[in-house]
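Beneath this line is the structure, given in structure tokens, with notes to follow.
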Amino acid sequence: MREREDEWTGLMRAAISGDGAAYHRLLKAVTPVLRAAARRGLARAGQPVDQSEDIVQDILLAVHLKRHTWDANAPFAPWLFAIARNKLIDSLRRRGRRIFVNIDDFAETIPSEPAAETVPASEVAARLQSLPARQREVLQSIAVDSASIKDTAAKFAMSEGAVRVALHRGLAGLSAKLRES
Amino acid sequence: MSMETDQLIRTLAADNAHRARPVGFVLTLALLAAAPVSVLMFAASLGVRPDVMTAMHNPFFDLKFAVTLALAISAIAVSLHVSRPEASLSGWAWLLLIPAGLLVAGIGSEMMLPQRLPMMTRLIGSNSRVCMTAIPLLSLPLLAAALIGLRHGAPARPALAGALAGLVSAGLAATLYASHCTDDSPLFVATWYSIATALVAAIGALAGSRLLRF
Numbered sequence: 015m016r017e018r019e020d021e022w023t024g025l026m027r028a029a030i031s032g033d034g035a036a037y038h039r040l041l042k043a044v045t046p047v048l049r050a051a052a053r054r055g056l057a058r059a060g061q062p063v064d065q066s067e068d069i070v071q072d073i074l075l076a077v078h079l080k081r082h083t084w085d086a087n088a089p090f091a092p093w094l095f096a097i098a099r100n101k102l103i104d105s106l107r108r109r110g111r112r113i114f115v116n117i118d119d120f121a122e123t124i125p126s127e128p129a130a131e132t133v134p135a136s137e138v139a140a141r142l143q144s145l146p147a148r149q150r151e152v153l154q155s156i157a158v159d160s161a162s163i164k165d166t167a168a169k170f171a172m173s174e175g176a177v178r179v180a181l182h183r184g185l186a187g188l189s190a191k192l193r194e195s
Numbered sequence: 085m086s087m088e089t090d091q092l093i094r095t096l097a098a099d100n101a102h103r104a105r106p107v108g109f110v111l112t113l114a115l116l117a118a119a120p121v122s123v124l125m126f127a128a129s130l131g132v133r134p135d136v137m138t139a140m141h142n143p144f145f146d147l148k149f150a151v152t153l154a155l156a157i158s159a160i161a162v163s164l165h166v167s168r169p170e171a172s173l174s175g176w177a178w179l180l181l182i183p184a185g186l187l188v189a190g191i192g193s194e195m196m197l198p199q200r201l202p203m204m205t206r207l208i209g210s211n212s213r214v215c216m217t218a219i220p221l222l223s224l225p226l227l228a229a230a231l232i233g234l235r236h237g238a239p240a241r242p243a244l245a246g247a248l249a250g251l252v253s254a255g256l257a258a259t260l261y262a263s264h265c266t267d268d269s270p271l272f273v274a275t276w277y278s279i280a281t282a283l284v285a286a287i288g289a290l291a292g293s294r295l296l297r298f
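For the record, the sequence lines run as chains A and B.
So the first sequence is residues 15 to 195, counted in the working numbering.
So the second sequence is residues 85 to 298, counted in the working numbering.
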């Protein structure tokens, strides 16, 4: 546990000093932990645990957009879990208003429910559709078509700088849209 | 279309080069941008009291600025602290006691000096209504700025962060107002400035609970 968290801190420090691969590894490493936490949270709130992926994506976006509030001299895990807790509570609150779930309906199925069953996330993808066209195209190119920033720039006849700006604005837009809903 | 979590992660990693400014930087810029608005509002409506040069020799006049600036500075420090999601108030909240302590010390010293006016007269003063109106109004541009600055952070308790934004803006607005007001008794300050500040903090908490969620 301790070791894993030290590794995260190291990866995040590397990420902040510009190491994109370390950042990718870090996000990959924390995702299963966030998923497990989201499932526990949903179960406790009496909501279907297979909805965890939307929450995971919401947390990842917040981690990304708020990472400048992490103090590089402090361990990463407490910061990460604080972000995760905040987004989890937020998601449960939003869900609570939208869908009514009877705790009794799920209380029995939670313990026996297989851990891997997860409905694909849909919220981020749905928000994508409401972004300005250019930001959406850039995000799709990088996310779905796995294109690099360079390739994306060539494809849309944009400068790499403009792609970076559209990418960041798009990601910030996805998060803002999630917050509004 | 869907976005797999792996795809999202790859996209976030592609954006790793983007560097956001520290919250303190954004907060400072926002406050610097809003300050001239409040100063103009102040200059257009109230202005500095005419006897300011004499007043400056009165330690109780000067104490008002020590109190209001101490409030603004300590609230800035605490608000920047709570703009981090894992932060807790413990160990930091005492900073906010500095302005209160200065005020208590001021009241104590005034009690020990011979006074021309009775205590209640000094407390009620002659500007309480202006004070209660001017401080909240002069606060508004600064409060908006502080909220914009703190939105850049990730406060786990948005209402608390909003209340602190209110204290920042009330502290700065009260600094302006203090140069107009002819009531220098710490008793007046402790009463009316505090009520005005509490009002701004409440507005900040309300706004923060909506605007500072991330």
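Glycine included, C-beta positions come from ideal geometry on N, C-alpha and C.
Proximal chain B residues relative to residue i, where beta-carbon distance stays under 9 Å
i: Ala157(A); result: Met87, Glu88, Gln91, Leu92, Arg94, Thr95, Ala98
i: Leu181(A); result: Thr95, Ala98, Asp99, His102
i: Arg178(A); result: Ala98, Asp99, Ala101, His102
i: Ser173(A); result: Within 9 Å Cβ-Cβ: nothing; Ser173(A) doesn't reach chain B, min ~14 Å.
i: Ser160(A); result: Gln91, Arg94
i: Ala135(A); result: Ser86, Met87, Glu88, Thr89, Leu92
i: Ala29(A); result: Ala97, Asn100
i: Leu74(A); result: Thr89, Leu92, Ile93, Leu96
Exposure of residue i, with buried meaning 16 or more beta-carbon neighbours within 10 Å
i: His264(B); result: buried
i: Arg53(A); result: buried
i: Gln143(A); result: exposed
i: Thr123(A); result: Bear in mind that a pLDDT of 41 at Thr123(A), under 50, signals an unreliable position, so the number given afterwards is only what the model happens to contain. Classification of Thr123(A): exposed, given that the 10 Å Cβ count is below 16.
i: Ser193(B); result: exposed
i: Met137(B); result: exposed
i: His78(A); result: buried
i: Asp90(B); result: exposed
i: Asp85(A); result: exposed
i: Phe272(B); result: buried
i: His141(B); result: exposed
i: Ala157(A); result: buried
i: Met195(B); result: exposed
i: Leu201(B); result: exposed
i: Thr266(B); result: exposed
i: Leu164(B); result: buried
i: Gln199(B); result: exposed
i: Asp268(B); result: buried
i: Gly185(B); result: exposed
i: Arg141(A); result: buried
Residue j beta carbon less than 8 Å from that of residue i
i: Gly246(B); j: Leu296(B); result: yes
i: Lys101(A); j: Ile73(A); result: yes
i: Gln149(A); j: Gly187(A); result: yes
i: Pro270(B); j: Leu187(B); result: yes
i: Val166(B); j: Arg105(B); result: no
i: Met125(B); j: Leu221(B); result: yes
i: Ala161(A); j: Lys169(A); result: yes
i: Leu92(B); j: Ala230(B); result: no
i: Leu25(A); j: Arg39(A); result: yes
i: Ile219(B); j: Ala258(B); result: yes
i: Asp251(B); j: Thr205(B); result: The question names Asp, but residue 251(B) is Leu in the sequence shown. Against a cut-off of 8 Å, the Cβ pair of Thr205(B) and Leu251(B) comes out as no contact.
i: Phe298(B); j: Lys80(A); result: yes
i: Ala156(B); j: Leu256(B); result: yes
i: Pro89(A); j: Thr45(A); result: no
Integer Cβ distance of residue i from residue j, believed to fall under 8 Å
i: Asn254(B); j: Ser223(B); result: Position check: residue 254(B) holds Ala in this sequence, whereas Asn was assumed. 5 Å between Cβ atoms; contact.
i: Leu180(B); j: Ala159(B); result: 7 Å
i: Gly292(B); j: Ala243(B); result: 5 Å
i: Ile69(A); j: Ser31(A); result: Contact doesn't hold; Cβ gap of about 30 Å is too wide.
i: Ile103(A); j: Ala76(A); result: So it is not a contact: roughly 12 Å between Cβ atoms.
i: Ala98(B); j: Ile163(A); result: 6 Å
i: Met87(B); j: Ala139(A); result: 4 Å
i: Phe149(B); j: Ala262(B); result: 6 Å
i: Ala238(B); j: Pro169(B); result: 5 Å
i: Ala28(A); j: Asn100(B); result: At roughly 10 Å, the Cβ-Cβ gap does not stay under 8 Å, so Ala28(A) and Asn100(B) are not in contact.
i: Thr83(A); j: Val162(B); result: That pair is no contact at about 15 Å.
Listed by chain order, chain B residues near residue i by CB distance under 8 Å
i: Ile163(A); result: Ala98
i: Leu145(A); result: Residues of chain B passing the Cβ test: none, with the nearest at roughly 12 Å.
i: Gly32(A); result: Asn100, Ala101
i: Thr45(A); result: Thr89, Ile93
i: Leu185(A); result: Thr95, Leu96, Asp99
Partner residues on chain B for residue i, Cβ-Cβ distance less than 7 Å
i: Pro92(A); result: Glu170
i: Val70(A); result: Thr89
i: Lys42(A); result: Ile93
i: Leu153(A); result: Thr95
i: Glu67(A); result: Thr89
Closer than 8 Å at the beta carbon, the chain A residues around residue i
i: Gly237(B); result: Lys80, Thr83
i: Ser167(B); result: Thr83
Contacts of residue i in chain A (Cβ-Cβ under 9 Å)
i: Ala240(B); result: Ala96, Ile97, Arg99, Asn100
Closer than 7 Å at the beta carbon, the chain A residues around residue i
i: Val132(B); result: What Val132(B) touches in chain A: nothing, since even the nearest Cβ is about 39 Å away.
i: Val107(B); result: Thr83
Stretch pair the stretch 178-187 of chain A + the stretch 116-123 of chain B: three plus CB contacts closer than 8 Å: Touching, no, given that fewer than three Cβ pairs across the two stretches are closer than 8 Å.
The stretch 210-219 of chain B contacting the stretch 256-276 of chain B, beta-carbon criterion three pairs below 8 Å: yes
The stretch 59-70 of chain A contacting the stretch 86-95 of chain A, beta-carbon criterion three pairs below 8 Å: no
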